[in-house]
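Residue numbers (our numbering): 38 to 233. In this text, a Cβ means the ideal position worked out from N, Cα and C, and glycines have one as well. Worksheet: one structure, shown below.
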Ligand SMILES: [Zn+2]
């Protein structure tokens, strides 16, 4: 496996310019025209000893609908959240750690029942457990509409401190800000257990 090519795009689609023949040889998944190298498949551009290739995303192919993953809410563009997948549900990062792009979580897939806006349930930085609901056109779509799915760690939107579960509401450990989340049933399990 080669070194990831330094470029703005971590993922390319067919026709994307990825390098010049002055610098590189054209390898698998590319073609060269007038000394310019373009991608012929969608994937990640790689530089293997100055040979450019495009590697189809293994992680995407391996992902199965229903697989449970851990991810971070990276951005919210209503009505969707963009989620980076950090690990499989077993916490092993190797399988998903290099997945460079975002998965999509639509507000309607957050929980059972109507959710208008992602921000009603999640905030940027929250760590969620989600399942893969669909893989379509190279895009991963997530869902958190089950008891064991949802935020497993949430952060205060005011001061970024972690939030603790108090009764059914999340409360900031630092500034006492209270907030709502779609939480996984084992959110801060130790504390839930203590409450009995
Ligand atoms: Zn706070």
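In whole angstroms, what is the alpha-carbon distance linking residue i and residue j?
i           : j           : result
residue 137 : residue 113 : Residue placement at residue 137 cannot be trusted, given a pLDDT of 46 that sits under 50; what the coordinates show is reported in the next sentence. Cα to Cα, the separation comes out at about 17 Å.
residue 209 : residue 199 : 6 Å
residue 141 : residue 168 : 11 Å
residue 80  : residue 214 : 42 Å
residue 157 : residue 88  : 47 Å
residue 193 : residue 203 : 14 Å
residue 103 : residue 69  : 39 Å
residue 61  : residue 123 : 32 Å
residue 143 : residue 165 : 14 Å
residue 217 : residue 85  : 48 Å
residue 64  : residue 55  : 11 Å
residue 219 : residue 105 : 16 Å
residue 49  : residue 152 : 33 Å
residue 146 : residue 101 : 17 Å
residue 92  : residue 47  : 11 Å
residue 181 : residue 90  : 36 Å
residue 53  : residue 83  : 14 Å
residue 173 : residue 107 : 20 Å
Could you tell me the boundaries of the beta strand (DSSP E) in which residue i lies?
i           : result
residue 208 : 206-209
residue 68  : 67-70
residue 91  : 88-92
residue 200 : 200-203
residue 54  : 54-57
residue 194 : No beta strand (DSSP E) contains residue 194, which DSSP labels as neither H nor E.
residue 171 : 164-173
residue 82  : 81-85
residue 247 : Missing from the structure shown is residue 247; the chain here goes from 38 to 233 and no further.
residue 102 : Element bounds for residue 102: n/a, residue is neither H nor E.
Would you say the beta carbon of residue i is closer than 7 Å to some non-hydrogen atom of ligand 1?
i           : result
residue 65  : no
residue 195 : yes
residue 143 : no
residue 90  : no
residue 211 : yes
Which whole-angstrom value describes the C-beta separation of residue i and residue j, a residue pair presumed to lie in contact below a C-beta threshold of 8 Å?
i           : j           : result
residue 67  : residue 57  : Contact doesn't hold; Cβ gap of about 12 Å is too wide.
residue 118 : residue 155 : 5 Å
residue 159 : residue 205 : The pair is not a contact, with the Cβ atoms about 17 Å apart (cut-off 8 Å).
residue 120 : residue 207 : Actually they are not in contact, since the Cβ atoms of residue 120 and residue 207 sit about 19 Å apart, beyond 8 Å.
residue 163 : residue 190 : 7 Å
residue 74  : residue 111 : Residue 74 to residue 111, Cβ: 30 Å. No contact.
residue 222 : residue 185 : 6 Å
Spatial neighbours of residue i within its chain, please: CB distance less than 7 Å, with the 5 preceding and 5 following residues excluded, ordered by chain position.
i           : result
residue 176 : 141
residue 33  : In the structure as shown, the chain starts at 38 and stops at 233, and residue 33 therefore has no counterpart that could be examined.
residue 72  : 57, 58 and 59
residue 224 : 188, 189 and 202
Can you give me the Cβ contacts of residue i inside the same chain, cut-off strictly under 6 Å, excluding the 5 residues immediately before and after it?
i           : result
residue 195 : 212 and 214
Which same chain residues, not among the five before or five after residue i, have their C-beta less than 8 Å away from its C-beta?
i           : result
residue 115 : 144, 154, 155 and 156
residue 109 : 120, 121, 123, 162, 163, 164 and 165
Confirm the yes/no value for this check: CB of residue i, any heavy atom of ligand 2, distance under 7 Å.
i           : result
residue 194 : This structure simply doesn't include ligand 2; it includes ligand 1 instead.
Hey, does residue i have any beta-carbon neighbour from chain B nearer than 8 Å?
i           : result
residue 142 : Absent from the structure: chain B. Only one protein chain is present.
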